[in-house]
Every structure is written in structure tokens, then in C-alpha cells.
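> So the sequences go chain by chain: V and S. 123 is the number of the first residue of the first sequence in my numbering; add one for each residue after it. 123 is the number of the first residue of the second sequence in my numbering; add one for each residue after it. Take this structure, written in C-alpha cells, and hold onto it; I'll ask about it next.
There are 2 protein chains.
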Amino acid sequence: MQKTRLETERIRAARRMIDPVFLDTPLYRCEALEPELGCAVSIKLETANPVRSFKGRGTEVVASLLAGGDSRAVVCASAGNLGQALAWSGRGRGLDVTVVASRFATAAKLDRIRALGAELELVDGDHEMARERAAAIARYEGIRLVEDSLDIETCEGAATIGLELVDSAASFDTVLIALGGGALATGVGHVVKDFAPDVEVVCVQPLGAPALTLSWRQRRVVTTDATDTIADGVAGRFPIPAVLDDLLLVADDAVLVREESIIAGMRMLFDHAGLVVEPSAALGIAAILEDRDRFAGRHVVTVLCGSNVDVDAYRRWIGPPAARPY
Amino acid sequence: MQKTRLETERIRAARRMIDPVFLDTPLYRCEALEPELGCAVSIKLETANPVRSFKGRGTEVVASLLAGGDSRAVVCASAGNLGQALAWSGRGRGLDVTVVASRFATAAKLDRIRALGAELELVDGDHEMARERAAAIARYEGIRLVEDSLDIETCEGAATIGLELVDSAASFDTVLIALGGGALATGVGHVVKDFAPDVEVVCVQPLGAPALTLSWRQRRVVTTDATDTIADGVAGRFPIPAVLDDLLLVADDAVLVREESIIAGMRMLFDHAGLVVEPSAALGIAAILEDRDRFAGRHVVTVLCGSNVDVDAYRRWIGPPAARPY
Numbered sequence: 123m124q125k126t127r128l129e130t131e132r133i134r135a136a137r138r139m140i141d142p143v144f145l146d147t148p149l150y151r152c153e154a155l156e157p158e159l160g161c162a163v164s165i166k167l168e169t170a171n172p173v174r175s176f177k178g179r180g181t182e183v184v185a186s187l188l189a190g191g192d193s194r195a196v197v198c199a200s201a202g203n204l205g206q207a208l209a210w211s212g213r214g215r216g217l218d219v220t221v222v223a224s225r226f227a228t229a230a231k232l233d234r235i236r237a238l239g240a241e242l243e244l245v246d247g248d249h250e251m252a253r254e255r256a257a258a259i260a261r262y263e264g265i266r267l268v269e270d271s272l273d274i275e276t277c278e279g280a281a282t283i284g285l286e287l288v289d290s291a292a293s294f295d296t297v298l299i300a301l302g303g304g305a306l307a308t309g310v311g312h313v314v315k316d317f318a319p320d321v322e323v324v325c326v327q328p329l330g331a332p333a334l335t336l337s338w339r340q341r342r343v344v345t346t347d348a349t350d351t352i353a354d355g356v357a358g359r360f361p362i363p364a365v366l367d368d369l370l371l372v373a374d375d376a377v378l379v380r381e382e383s384i385i386a387g388m389r390m391l392f393d394h395a396g397l398v399v400e401p402s403a404a405l406g407i408a409a410i411l412e413d414r415d416r417f418a419g420r421h422v423v424t425v426l427c428g429s430n431v432d433v434d435a436y437r438r439w440i441g442p443p444a445a446r447p448y
Numbered sequence: 123m124q125k126t127r128l129e130t131e132r133i134r135a136a137r138r139m140i141d142p143v144f145l146d147t148p149l150y151r152c153e154a155l156e157p158e159l160g161c162a163v164s165i166k167l168e169t170a171n172p173v174r175s176f177k178g179r180g181t182e183v184v185a186s187l188l189a190g191g192d193s194r195a196v197v198c199a200s201a202g203n204l205g206q207a208l209a210w211s212g213r214g215r216g217l218d219v220t221v222v223a224s225r226f227a228t229a230a231k232l233d234r235i236r237a238l239g240a241e242l243e244l245v246d247g248d249h250e251m252a253r254e255r256a257a258a259i260a261r262y263e264g265i266r267l268v269e270d271s272l273d274i275e276t277c278e279g280a281a282t283i284g285l286e287l288v289d290s291a292a293s294f295d296t297v298l299i300a301l302g303g304g305a306l307a308t309g310v311g312h313v314v315k316d317f318a319p320d321v322e323v324v325c326v327q328p329l330g331a332p333a334l335t336l337s338w339r340q341r342r343v344v345t346t347d348a349t350d351t352i353a354d355g356v357a358g359r360f361p362i363p364a365v366l367d368d369l370l371l372v373a374d375d376a377v378l379v380r381e382e383s384i385i386a387g388m389r390m391l392f393d394h395a396g397l398v399v400e401p402s403a404a405l406g407i408a409a410i411l412e413d414r415d416r417f418a419g420r421h422v423v424t425v426l427c428g429s430n431v432d433v434d435a436y437r438r439w440i441g442p443p444a445a446r447p448y
């Protein structure tokens with residue numbers, strides 16, 4: 123394969139910087155999902171850690187490197203998960219962490235960012251406005267800006283999931299990866315293509331936030347005017363050119379799914395697997411639901427990348443109890 | 123400590139017989155639970171595996187040993203989790219597995235036992251009747267009976283959780299363990315008392331199924347006439363004398379909790395940790411809820427031992443969405 127910005131040796135080195143609480147996450151066949159999905163389904167579970175998403179892998183690398191340097195202040199924009207993870211990683215290393223988020227971000231995520239001791243600044247706009255504001259803070263204050271998916275450490279951290287997938291005894295036909303900024307997809311995709319090039323890497327994005335998928339399809343950056351999806355963790359509008367370049371090298375396909383499929387995916391993971399996931403983490407299951415024929419008989423692994431949900435919204439997504447007596 | 127039936131070297135050997143999918147499960151601080159509980163809380167998560175409970179650790183040992191012998195048939199009584207686990211472990215090794223269960227057992231558990239290819243026989247009574255029937259089948263057919271908590275392999279399998287707790291970097295003041303037949307409590311308790319004797323081992327049982335707790339308190343086997351609890355996984359009436367002897371050596375306390383505390387515990391794990399657990403797995407949180415003063419300021423670890431719930435009952439336990447608009 124042509125060279126992405128990632129290097130496998132650096133990913134192995136990144137792994138050594140990450141607190142073990144984020145590593146070697148559960149990976150298992152989930153047969154109870156399979157009758158409805160028509161394929162073999164394995165789950166890589168990134169929710170059972172102190173920040174309930176995979177983002178700790180990347181922020182551990184960022185914070186480890188920062189803690190060794192002179193500057194101990196860092197700022198990022200976040201839809202909620204990166205901010206929580208950076209707050210956690212920074213707290214353990216005595217860093218000053220500022221997180222900029224949209225005031226429309228999931229309240230539970232914002233609460234956790236505050237609880238973890240980070241400075242939280244809200245902007246009256248969407249995630250792209252938060253990105254602008256974070257960049258401005260970094261410039262004015264001369265502190266480190268962590269840009270998700272652009273900063274190579276965030277990709278390397280995510281890529282350690284790929285190492286765990288290819289090191290497992292199971293052989294997969296397809297890896298389904300939520301596509302947001304692109305760190306998860308390019309990170310995992312790089313490792314999969316390096317070690318198991320025949321395994322298909324399929325990225326999944328909501329129809330309501332399709333910018334990076336459209337960019338991948340047209341092989342040039344395509345921006346959108348707005349996003350409209352419950353999958354708050356992947357709702358960007360301005361793809362990063364360098365990330366798109368990498369994605370073009372590692373992704374075999376990028377698909378868009380409907381909101382109702384995301385909800386059906388969350389509900390299925392709850393009903394048949396006993397797993398709470400946030401909408402972004404249900405994108406892989408949603409992709410199977412929308413195209414069972416494509417995946418029929420294959421062994422698919424999907425990364426369940428986070429579980430930070432608004433619990434009341436989640437209760438509505440999974441629906442009420444069936445109306446039958448006990 | 124006086125000698126239990128367990129030996130640490132055998133537990134280490136047991137670990138080598140267990141499929142890695144059941145080992146090295148997530149162990150992490152769950153700070154989002156802590157404001158309401160008033161103590162530091164870590165979670166040992168035994169639900170993210172193919173059978174959604176810790177029971178696979180024990181059945182892997184049982185099935186590994188059986189697969190090396192002449193007899194390839196095995197029977198057990200189960201409230202649902204042991205049966206699933208034995209079905210999974212037996213299927214992978216070509217064993218004939220029969221599971222006897224109460225027809226009142228959680229339907230989702232029974233469905234999974236069948237789906238995993240085991241023969242399922244239902245009895246028109248409670249778990250103790252299933253135990254009698256399983257023993258009768260073993261006698262008539264001359265096949266291996268797996269008796270949960272009595273058979274040392276089931277305790278050794280559970281005890282590998284204890285190894286993972288004492289091998290972790292964290293130092294705990296208290297381990298809260300669901301008490302059913304006793305394999306989990308005596309297994310984990312043995313290891314904790316062997317390596318970290320100052321750590322308090324507290325067993326938790328529902329008020330509606332108190333037989334082993336009453337036995338521990340009176341230092342003799344106490345049986346009960348009936349059980350009345352949603353915590354189906356721990357609802358026994360006839361404690362096993364040898365297991366009680368071990369429990370007397372390793373448990374510092376055994377407490378009973380109310381049904382509403384179990385439900386509150388499940389709800390709290392859902393709301394603040396994004397974790398689905400079955401009632402038995404919420405016993406530890408329930409114990410903290412009922413006696414916050416006792417645990418105040420301590421670092422408590424609780425084993426979340428299973429997540430096989432009836433999803434409609436679970437939806438009712440966690441309650442409807444809050445009535446506020448979005």
C-alpha cells in the first residue's frame with residue numbers, strides 16, 4: 123500500500139504510552155446478534171474504561187508526550203468524548219486541560235468533562251465552531267492544540283485497536299468502523315491494511331453528517347452546510363485534507379446510513395448483547411442492517427467506540443417494555 | 123488462613139485452561155458512580171464475553187478436563203448462566219451437554235442455552251428441583267454432573283477473577299461479591315485472603331434468598347423454604363456444607379439487601395456507567411446504597427458477574443425516560 127501518515131512501529135511505541143486500562147479491550151463473537159444480521163459478528167468493545175470511549179488511547183499518547191515537555195497546557199475541541207479523554211489523561215499528568223464544545227453537545231458528556239477537572243468553554247454553534255475557537259485559544263495563549271484526527275497521536279492511539287484486531291486469533295472478512303474526523307478509520311485501517319490487506323475496511327457515517335464519506339467518494343474535500351444526526355460523535359462538516367488522503371489509501375468503502383438504522387442498531391445491541399452504546403458506536407450494525415446481502419455469510423467485526431449517551435434519549439431510542447404481563 | 127478447598131497453584135493452572143476471551147476482563151474506577159455512593163468504586167466487568175457472565179471461567183476448566191477423558195457427556199442444573207457457559211465450553215470441545223433448569227428461569231437465558239446447542243430439560247419447580255433432577259440424570263446415565271460451587275473447578279475458574287484483582291495496580295479496601303452457590307465468593311475470597319489478607323471480603327445476597335448468608339452467620343447450614351427475589355442467579359435454598367466451610371474461612375461479612383436496592387443498583391449502573399447488568403450483578407452496589415456510612419471514603423471493587431436479563435423486565439427496572447422535552 124502507499125504510505126499513510128502512520129507507521130506501524132510508531133503505533134507500537136504509542137501502545138507503550140497508554141494506560142493499560144484502555145488496552146486489550148474485549149473482542150468476542152456475539153452470536154445472539156447473528157440471526158437478525160445474517161453474518162458472523164464480532165465486537166471490539168471500547169466502552170468499558172474510565173471515559174467510556176476509545177479516545178483515551180489517543181489522549182494518553184498526547185498527554186504522555188506533553189508531560190515530558192515544557193508546556194503543560196493543552197486545548198481541544200470536542201463533541202464530548204475527546205474532551206473527557208483528554209481531561210482524564212491530563213489530570214493524571216498534571217496538565218491544564220481546556221475543552222471547547224458546542225453548547226448543544228450531549229449534556230452527560232459535558233458533565234463528565236467538568237467532573238474530570240478540565241476547563242470547559244461552550245460555543246453557541248456546532249462542533250466546527252468549537253474547532254475554530256479551540257484553535258484561537260491555542261494561538262492566543264500559545265498552548266498546544268490537540269486536533270482530533272489531524273494530530274498523528276490521535277490516529278496512532280486509535281490504531282492500537284487495529285493491532286489488537288490483527289493480533290487476535292479470529293480472522294475477519296470485514297472491519298466496520300465509525301467515520302467521524304477519521305482518526306479511528308485511518309488508524310485501524312492502516313494497521314489492517316498493513317497486516318491483513320485482504321480484510322475489507324468499511325467506514326460508516328450517518329446520512330445526516332456525510333462530509334468525509336462524500337469526500338472519500340469524490341477523492342477531494344467536500345464540506346457540508348449543516349449536520350443532522352443523533353450520532354453526535356461523528357458530526358463534522360469540514361474534513362481535514364491530510365486525513366482524507368490517508369482514508370483514500372486504507373478504506374475499501376464508505377457507506378452512509380439512516381438515523382432509523384442507527385437507532386435499530388443501538389436497540390439490537392441492547393436487546394441481544396446487553397450493551398449500551400452511543401449512536402456513533404451503532405453505525406457498524408446499522409450498515410449491516412441496511413445491506414444484509416452484502417455481508418451475508420461473512421465474518422464482520424465492528425468497533426463499539428463509545429457509550430456516552432444522554433440516558434433519557436437512550437431510553438427513548440431503545441423503546442418501552444413490550445406490553446406483555448409477567 | 124486455615125486451608126480452604128482451593129489452592130492458589132491450581133487456580134493458576136486453571137487459568138491456563140480458560141479461553142482468553144473470558145480472562146483479563148475490564149477493571150476500572152467508575153468515578154461517575156462515586157458522588158452518589160460516597161466511596162471510590164472500581165468495577166470488574168464479567169459481562170463482555172460470549173456468555174455474558176463469569177461462569178465461562180469455570181466451565182472452561184470443567185470442559186478442558188472432560189475433553190481429555192473418556193466420557194464426553196455432562197449435565198448441570200442452572201439458573202441460566204452456568205448452563206450457557208457449559209454449553210459454550212462443551213460445544214467447542216465436542217461434548218454432549220445437558221442443562222436442567224426451572225421452567226421459571228429467565229427466558230432469555232434458556233433461549234441462549236438452546237441456541238448454543240445444549241439439551242435443555244425444564245422442571246416444574248425451582249432451582250433446587252433442577253439440581254435434584256440433574257443429579258438423577260447423572261446417576262441414571264452414568265455421566266458427569268457439574269455441581270456449581272461444589273465442584274472445585276467451578277470455584278477455581280471463579281477464583282481467576284481474584285488473581286486479576288490482586289495482580290492489578292489498584293489497592294482496594296473492600297471486595298463486594300454476589301453470593302449465590304458460593305463459587306464466586308469462595309474463589310475470589312480465597313485468592314484475596316491469600317495475597318491481600320487486609321482487604322475485606324464482603325458477600326452480598328438478597329433478603330429474599332438468604333440461605334447461605336444465614337448459614338454463614340450461624341456457622342451451620344440453614345435452608346429456607348422458598349426464595350423471592352429478582353436476582354435469579356443467586357436464588358438457592360440448600361447451601362452446600364463444604365462451600366459454607368470455605369466461606370467461613372474467607373468472608374469477613376455477609377450482608378442481605380432489599381429488592382429495591384438491587385433495582386436502584388441496576389439503574390445506577392445504567393445511568394452513570396452505561397452498563398447493563400442482571401440483578402445478581404447489582405448486589406454489590408445495592409450493599410453500598412444500604413450502608414453508605416460503612417463504605418464512606420473506602421475504595422470498593424465489585425464484580426459485575428453477569429448481564430443476562432429479560433430485556434423487558436430490565437426496561438421496567440431502569441424506568442421510563444424522564445418526562446422532559448428535547
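Glycine residues also receive a C-beta, built at the ideal position from the N, C-alpha and C atoms.
Check whether the Cβ atoms of G428/S and R174/S lie closer than 8 Å to each other.
For G428/S and R174/S, yes; Cβs fall inside 8 Å.
> Please state the DSSP three-state secondary structure of I299/V.
Three-state DSSP puts I299/V in a strand.
> Short of 9 Å Cβ to Cβ, which residues in the segment 373 to 396 of chain V face chain S?
Taking 9 Å as the Cβ-Cβ cut-off against chain S, the residues of the segment 373 to 396 of chain V that qualify are F392, D393, H394, A395, G396.
> If you follow the alpha helix (DSSP H) that V451/S is part of, which residue opens it and which one closes it?
The question about residue 451/S has no answer, for chain S in this structure spans 123 to 448.
> When you compare the segment 251 to 264 of chain S with the segment 327 to 337 of chain S, are there three or more beta-carbon pairs, one atom per stretch, that lie closer than 8 Å?
No, the segment 251 to 264 of chain S is not in contact with the segment 327 to 337 of chain S.
> Going by other Cβ atoms of all chains shown within 10 Å of its Cβ, with 16 needed for buried, is R342/V buried or exposed?
Its Cβ having fewer than 16 others within 10 Å, R342/V is exposed.
> Along the chain, which unbroken stretches of the alpha helix (DSSP H) at least 4 residues long are found entirely within the segment 367 to 435 of chain S?
Taking only runs of at least 4 residues, the alpha helix (DSSP H) segments lying wholly in the segment 367 to 435 of chain S are 381 to 395, 405 to 412, 414 to 417.
> Considering only the alpha carbon of each residue, which of S224/V, A199/V, L167/V, G191/V lies closest to G406/V?
Answer by Cα proximity: L167/V.
> Quick one, which of V297/V, A305/V, E156/V has its alpha-carbon nearest I70/V's?
Examination of residue 70/V is not possible in this model, given that chain V is present from 123 through 448 alone.
> Between which residues of its own chain and D79/S is the CB-CB distance below 6 Å, once the five residues before and five after are set aside?
Residue 79/S lies beyond the residue range present for chain S, which begins at 123 and ends at 448; the question has no answer from this structure.
> Once you ignore the five residues that flank V313/V on each side, which residues in its own chain have a CB closer than 7 Å to its CB?
Counting only Cβ-Cβ distances below 7 Å, and skipping sequence neighbours, we find T130, I133, A281, G284, L285, V288.
> Should A199/S be labelled buried (16 or more other beta-carbon atoms within 10 Å of its own) or exposed?
A199/S should be labelled buried.
> Does DSSP put C277/S in a helix, in a strand, or in coil?
Residue state, collapsed to three classes: helix.
> Between A318/S and the rest of its own chain, which residues show a CB-CB distance below 7 Å, the 5 nearest in sequence each way excluded?
Within the same chain, A318/S has close Cβ partners V288.
> May I ask you to check if the CB of A364/V is nearer than 7 Å to at least one heavy atom of the ligand SAH?
Absent from the structure shown: the ligand SAH. Ligands present: none.
> Just tell me which of S224/S, D248/S, N171/S, D246/S has its CA closest to the CA of S211/S.
When each option's Cα is compared against that of S211/S, the closest is N171/S.
> Starting from the Cα of F360/V, find the closest Cα among E322/V, A252/V, V183/V and give me that residue.
Closest option to F360/V, Cα to Cα, is A252/V.
> Closer than 9 Å, Cβ to any Cβ of chain S: which residues of the segment 156 to 178 of chain V, in chain order?
Correct list: P157, I165, L167, T169, A170, N171, P172, R174.
> From V326/S to A353/S, what distance separates their C-alpha atoms?
For V326/S and A353/S, the distance between alpha carbons rounds to 11 Å.
> Would you say P319/V lies against chain S (beta-carbon separation less than 8 Å)?
Output row for P319/V: interface = no.
> Examine chain V for any beta-carbon lying closer than 8 Å to the beta-carbon of A444/S, and answer yes or no.
Judged by the 8 Å Cβ criterion, A444/S is in contact with chain V.
> Name the chain S residues that come within less than 9 Å of V433/V, Cβ to Cβ?
The answer, in chain order, is F392, D393, H394, G396, I440, P443, A444.
> On the DSSP bridge list, what partners appear for C161/V?
Its beta-bridge partners do not exist; DSSP assigns none.
> In whole angstroms, what separates the C-alpha of L187/V from that of A240/V?
Going by the C-alpha atoms only, they are around 19 Å apart.
> Apart from the five residues on each side of it in sequence, which residues of its chain come closer than 8 Å, Cβ to Cβ, to A292/S?
Result list for A292/S: L149, R151, S164, H421, V423, in chain order.
> Answer with yes or no whether the minimum CB distance from L208/V to chain S is below 8 Å.
So no, L208/V is outside the interface.
> Would you please verify whether the beta carbon of S429/V is less than 8 Å from any beta carbon of chain S?
Closer than 8 Å: yes.
> Beta-carbon within less than 6 Å of V377/V's beta-carbon, same chain only, minus the 5 sequence neighbours each way: which residues are those?
Excluding positions up to five away in sequence, the list reads V326, A409.
> Hey, quick one: how far does the alpha helix (DSSP H) through Q206/V stretch, first residue to last?
Residues 203 to 213.
> Tell me which residues share the same chain as L232/V and place their Cβ nearer than 7 Å to its Cβ, disregarding the 5 neighbours each side in the sequence.
So the list reads G202, A223, L242, once near-sequence residues are dropped.
> Can you name the residues of chain S whose CB is closer than 8 Å to the CB of A154/V?
Under the 8 Å cutoff, chain S gives R234, A237.
> Grouping DSSP H, G and I as helix and E and B as strand, with all else coil, what is A292/S?
Note: A292/S maps to coil in three-state DSSP.
> Taking the DSSP output, what are the residues bridged to S193/V?
Paired residue(s): none; S193/V is not in a bridge.
> The alpha helix (DSSP H) that contains V245/S, what's its start and end?
From DSSP, V245/S is part of no alpha helix (DSSP H) but of the beta strand (DSSP E) over 241 to 245.
> Whole angstroms is fine: what's the gap from I299/V's alpha carbon to D192/S's?
Approximately 46 Å, taken between the alpha carbons.
> Which residue marks the beginning of the beta strand (DSSP E) containing E322/S, and which one marks its end?
Counting along the chain, the beta strand (DSSP E) containing E322/S begins and ends at 322 to 328.
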